[in-house]
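In terms of numbering that gives the first Met the number 0, the sequence shown has 136 at position 137, counting the first letter as 1, and numbering is strictly consecutive.
Every residue gets a Cβ at the ideal spot worked out from N, C-alpha and C, and that includes glycine.
Because the structure is a prediction, the values reported are computed rather than measured.
Contents: one structure, followed by commentary.
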Amino acid sequence: MPTGGVNASASANANANANAGNAAASFFTSAYSTPFAMPAAAGVKSYAASRFLEHASFGPTPASVEEVRQKGLASWIDSQFALAPSQIDGSFTENWNSDDTPGIRGRPYHEYFKKNFSTLTLSAPDQLRLRTTWALSQFIVVSELKVQSFGVIQYFNLLQNNVFGNFADLLRAVIRSPSMGVYLDNVENKKEGSCDTCSVNENFGRELMQLFTLGVTKLNKDGTPVRDASGKLIETYSQDDVQAMARALTGWQTQWPLPTQPAPLLRSQYRYPLMATWTESHDTGEKKLLGTTISAGGTAEQDLEKVIAILMAHPNIAPFVSVRLIQHLVTSDPSPAYIARIASVFENNGSGVRGDMKAVIKAILLDPEARRGDDAAIMETNVGKVREPVLFNSAMLRGIGCTSALYDPNGNLYMAYNQQPFNAPSVFSFFSPTHRAPGSLLLAPEQKLLNSSEFNQRLGGISWMATAAPKNLKNSGCKLDEFAAALSRSKREFINLVSARYFRGSMPPTLRDFADQLLDQMSWATPETKAANMIQFLLASPPFGVIK
Numbered sequence: 000m001p002t003g004g005v006n007a008s009a010s011a012n013a014n015a016n017a018n019a020g021n022a023a024a025s026f027f028t029s030a031y032s033t034p035f036a037m038p039a040a041a042g043v044k045s046y047a048a049s050r051f052l053e054h055a056s057f058g059p060t061p062a063s064v065e066e067v068r069q070k071g072l073a074s075w076i077d078s079q080f081a082l083a084p085s086q087i088d089g090s091f092t093e094n095w096n097s098d099d100t101p102g103i104r105g106r107p108y109h110e111y112f113k114k115n116f117s118t119l120t121l122s123a124p125d126q127l128r129l130r131t132t133w134a135l136s137q138f139i140v141v142s143e144l145k146v147q148s149f150g151v152i153q154y155f156n157l158l159q160n161n162v163f164g165n166f167a168d169l170l171r172a173v174i175r176s177p178s179m180g181v182y183l184d185n186v187e188n189k190k191e192g193s194c195d196t197c198s199v200n201e202n203f204g205r206e207l208m209q210l211f212t213l214g215v216t217k218l219n220k221d222g223t224p225v226r227d228a229s230g231k232l233i234e235t236y237s238q239d240d241v242q243a244m245a246r247a248l249t250g251w252q253t254q255w256p257l258p259t260q261p262a263p264l265l266r267s268q269y270r271y272p273l274m275a276t277w278t279e280s281h282d283t284g285e286k287k288l289l290g291t292t293i294s295a296g297g298t299a300e301q302d303l304e305k306v307i308a309i310l311m312a313h314p315n316i317a318p319f320v321s322v323r324l325i326q327h328l329v330t331s332d333p334s335p336a337y338i339a340r341i342a343s344v345f346e347n348n349g350s351g352v353r354g355d356m357k358a359v360i361k362a363i364l365l366d367p368e369a370r371r372g373d374d375a376a377i378m379e380t381n382v383g384k385v386r387e388p389v390l391f392n393s394a395m396l397r398g399i400g401c402t403s404a405l406y407d408p409n410g411n412l413y414m415a416y417n418q419q420p421f422n423a424p425s426v427f428s429f430f431s432p433t434h435r436a437p438g439s440l441l442l443a444p445e446q447k448l449l450n451s452s453e454f455n456q457r458l459g460g461i462s463w464m465a466t467a468a469p470k471n472l473k474n475s476g477c478k479l480d481e482f483a484a485a486l487s488r489s490k491r492e493f494i495n496l497v498s499a500r501y502f503r504g505s506m507p508p509t510l511r512d513f514a515d516q517l518l519d520q521m522s523w524a525t526p527e528t529k530a531a532n533m534i535q536f537l538l539a540s541p542p543f544g545v546i547k
């Protein structure tokens, strides 16, 4: 199937990792250090490589497992850093008009981003970048519920381009993003009194602090809350800070095409970063923000830089961002020690640089708490996360070799309907990062999405496809026939193949016995249908549904 607007990056030469083969190299140097040996450059076991890829990609494949085994974890990360970012060409959606697009309600237009995003998760080489972009998009939210598809594509490309840079540069790009400006109402945000009805909109300023950088309560370096003498939580910012932040970010407006270009297109407000060309709309008065004074007389550009400096210097930003990234990549309930180690790297990458995202991501993935379970003999109980719908779907499809977006028998894009990418129901995303498992103190945010409709899809999607639209599977590069062929030879070979692709080669014995017995009860089905049904049943089990 053609991939349309996907421009997947070509593989680049991996950067040499000086410490990759040094078993005694210590990764951390801060006061929160936990010394641990870097993984060897080669010889990683398949189980460990598969588990690592569940954290660092959209799911292991035979080729990616072998690549990690040969390179080692640290060198694989470095090689991912070296890859150019995959991008989506959104020009189709920019030029879209409801009168010239075929399909029901312009379906090709509305599905364009999701189709291309799905294809990238399945086959793009820059898996670590994409997985980190997906993590950022879930707490620095822009949603297609309010922003047109072209704007969502531009925002996705923005995250892809900035995710491995410095967090300060990422913030600058987000603040100037027209997609974010539309989503949280900072486009055309004007100072009080600049027109008869003008008043400052506080929406973006509040969410910039609350959801994107600091959180609502002061944090210790290890992510635990700071309390006053009476044991009460201390607020990070006040309403006065919200007002000061909003005033500091006034004066930004849409940059339209130059007069020499074609007439403005329907969606072209999203193509260019916001500009501060209407100087009278920026509030130049003095602002007191989070304990720092921004002097009067500054331009919109100058005040933006001061806002970024204030946020980057705040003690909350390191633990706050660290927790969000750890939760989305590795484990929903990280220990305070794990958080503190990553926050230390955010504060100082070892060369005095604050906010180095490459250093932070590498530290998260190689932390001893993340990697302890790479030994199949260790029953890890303190690290894990529920496999959210997007990650479940991508891992399932990558496991059967799919390489491009899949369509169901009705012609609809097959996707995680309960978690449509970049289409969160609100700025608070798909689930609260503080949601705890019922009857437990354990953080389990992703569990909020495990409702009846989600389990329905997990139990029936691919088996329905195999029965009603086998050609669609082949058109998307899926190799269900490999599983059917294995099953035709023997139940043991089929179960071993499923175990290798989805359970790191260690499918629990009870699940093996269940599969063996259930296959005997499916004498009515073709090998393809049997294989699809068994994959669905096995993947709906807790051993696959929770990444541990």
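Item                                                                                                : Value
Cβ shell of His54 (< 7 Å), same chain only, five flanking positions each side left out              : Leu328, Val329, Leu364, Ala369
Of the listed residues Phe80, Ala83, Leu82, Tyr108, nearest to Gln93 (C-alpha basis)                : The sequence shown places Glu at residue 93, not Gln. Out of Phe80, Ala83, Leu82, Tyr108, Tyr108 has the C-alpha closest to the C-alpha of Glu93.
Under 7 Å between C-beta atoms of Ser85 and Leu119                                                  : yes
Boundaries of the alpha helix (DSSP H) in which Leu517 is found, first to last residue              : 508-519
Heavy atom of the ligand GDP within 6 Å of Thr292 beta-carbon                                       : The ligand GDP is not part of the structure shown, which contains no ligands of any sort.
Among Leu218, Pro541, Asn474, Gly222, nearest to Gln550 - alpha-carbon criterion                    : A query on residue 550 cannot be resolved here, the shown segment of the chain reaching from 0 to 547 and no further.
Those residues which DSSP pairs with Asp355 across a bridge                                         : Asn165
Separation of Phe91 from Leu585, as counted between CA atoms                                        : Limits of the chain in this structure are 0 at one end and 547 at the other, which puts residue 585 out of reach.
Ser428 vs Val173 beta-carbon contact at 7 Å                                                         : no
Counterpart residues of Met274 in DSSP-defined beta bridges                                         : Gln252
Paired residues, beta bridge with Leu405 - DSSP                                                     : Bridge partners of Leu405: none, in fact.
Of the listed residues Gly544, Ala62, Gln238, Leu170, nearest to Leu207 (C-alpha basis)             : Leu170
Closest residue to Leu486 among Pro526, Asp88, Gln69, Ala465 (Cα-Cα distance)                       : Pro526
Reduced DSSP category for Glu191 - H, G, I as helix; E, B as strand; rest coil                      : coil
Close beta carbons around Gln221, own chain, < 8 Å, minus the five adjacent residues each side      : First, the residue type needs correcting, since residue 221 is Asp and not Gln in the sequence shown. The residues are Tyr31, Pro318, Pro335, Ala336, Ile338, Ala339, Ala342.
In DSSP terms, what Leu442 is bridged to                                                            : Arg435
Nearest to Arg270 (by Cα), restricted to the options Gly89, Lys113, Val385                          : Gly89
Cβ neighbour criterion (16 or more within 10 Å) applied to Met506                                   : buried
Delimiting residues of the alpha helix (DSSP H) encompassing Ile494                                 : 490-501
Segment limits, beta strand (DSSP E) that includes Ile307                                           : Where Ile307 is concerned, there is no enclosing beta strand (DSSP E), although the alpha helix (DSSP H) it sits in stretches over 299-312.
Buried versus exposed, by CB contacts within 10 Å (16 or more), Pro101                              : With a pLDDT of only 39 at Pro101, under 50, the local geometry of the prediction cannot be trusted, and no value is derived from it.
Alpha helix (DSSP H) segment containing Leu390, residue limits                                      : 388-398
Contact check, Gln418 vs Pro444, beta carbons under 7 Å                                             : no
Cβ pair count under 8 Å reaching 3, the region 192-207 against the region 296-304                   : no
Straight-line Cα distance separating Asn200 from Arg246                                             : 8 Å
Val162 and Thr131 closer than 7 Å at C-beta                                                         : yes
Contact check, Gly400 vs Ala167, beta carbons under 7 Å                                             : no
Ordered list of alpha helix (DSSP H) runs contained in the region 175-231, each at least 4 residues : 177-182, 202-206
CB-CB length for Gly398 against Val382, believed under 8 Å                                          : With 8 Å as the limit, Gly398 and Val382 do not qualify as a contact, their Cβ atoms being about 22 Å apart.
Same chain only: Cβ atoms within 7 Å of Pro1, ignoring 5 sequence neighbours per side               : Any reading at Pro1 needs caution, since the residue's pLDDT is 39, under 50, leaving its predicted position unreliable; the model's value is listed next. Here the set comprises nothing.
Three-state secondary structure assigned by DSSP to Lys286                                          : strand
Residue of Met464, Leu510, Glu279 minimising C-alpha distance to Cys197                             : Glu279
Whole-angstrom distance between Asn392 and Lys70, CA atom to CA atom                                : 27 Å
From Pro420, Ala530, Pro177, Gly438, residue whose alpha carbon lies closest to that of Leu144      : Pro420
Residues near Ile546 in its chain [Cβ-Cβ closer than 7 Å; skip 5 each side]                         : Glu53, Gly383, Lys384, Arg386
Beta-carbon spacing of Val181, Val146 below 7 Å                                                     : yes
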